[in-house]
Ligand SMILES: *[C@@H]1O[C@H](CO)[C@@H](O)[C@H](O)[C@H]1NC(C)=O
Ligand SMILES: *[C@@H]1O[C@H](CO)[C@@H](O)[C@H](O)[C@H]1NC(C)=O
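In mature numbering (1 follows the signal peptide of the UniProt record, and there is no 0), the protein residues as written are -15 to -1, 1 to 183.
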């Protein structure tokens, strides 16, 4: 761990960003498969961002190879609103997974992302703050960060009647995969938004 922290200081900072999406908002926007549509968060991406905020992409030719066990976890936590999941996982590995630091195999990449997602207890923390199933109540950026104890980045979907719905949350991790405050703002949420519930 210390080695990676020192390495990241020496190389300039790259952070690893886990993007999670609120399924009901996605399904408001796109036709979803029935299995996708639940009142829960889903992993969307796990990528490395350079100091300038750009995503690093396509860093190696390392093969996509995952165990059945990891695949079953992905179906549960890293689903896709359309059917072609397998292709999505392979693409996300090639484009973003190969750039994660410390360098990991495809199997480890998905294991780490799922572990970070589960350990961050997003759903439990938002529930404890009474933000989930809040019956159309409006929330602000601070409410989300306060409930999670870390500064996060959020993005919203704007419906036709100009209502903002929380769509994605970015959690920032250092190169030791420790959760940390995000240092920049991001996204297009108005000062208030809802979390739809199905
Ligand atoms: C990375 O590779 C994928 C195909 O493997 C390609 O679609 C994508 O455009 C590439 N990204 C960049 C930034 O070159
Ligand atoms: C993250 O930011 C919050 C305030 O927004 C602060 O209370 C907390 O100490 C910060 N955490 C770290 C690890 O810097």
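Here a beta-carbon is modelled for each residue, glycine too, at the ideal position from N, C-alpha and C.
Predicted model, so just to flag it, every value in this text is computed and none were measured.
Inter-segment contact for the segment 79 to 92 and the segment 20 to 38 is present: three or more beta-carbon pairs are separated by less than 8 Å. Between the alpha carbons of residue 142 and residue 57 lies a gap of roughly 29 Å. Under the three-state reduction of DSSP output, residue 136 falls in the coil class, being neither helix nor strand.
Its Cα nearest to that of residue 13, the residue 148 stands out among 148, 168, 166. Apart from sequence neighbours up to five positions away, the residues of its chain that approach residue 166 with a beta-carbon distance below 8 Å are 135, 136, 157, ordered along the chain.
In the structure shown, the three-state DSSP call for residue 25 is coil. In this structure, the CA atom of residue 61 is about 10 Å from the CA atom of residue 55.
Between residue 107 and residue 1, the CB-CB gap reaches or exceeds 8 Å. Collapsing the DSSP output to three states places residue 33 in a strand. Under the DSSP assignment, residue 14 falls in the alpha helix (DSSP H) whose first and last residues are 8 to 14. Rounded to whole angstroms, the gap between the alpha carbons of residue 90 and residue 73 is 17 Å. With the rule of 3 Cβ pairs closer than 8 Å, the segment 113 to 126 does not count as touching the segment 37 to 47. Here the alpha carbons of residue 15 and residue 8 stand approximately 10 Å from one another.
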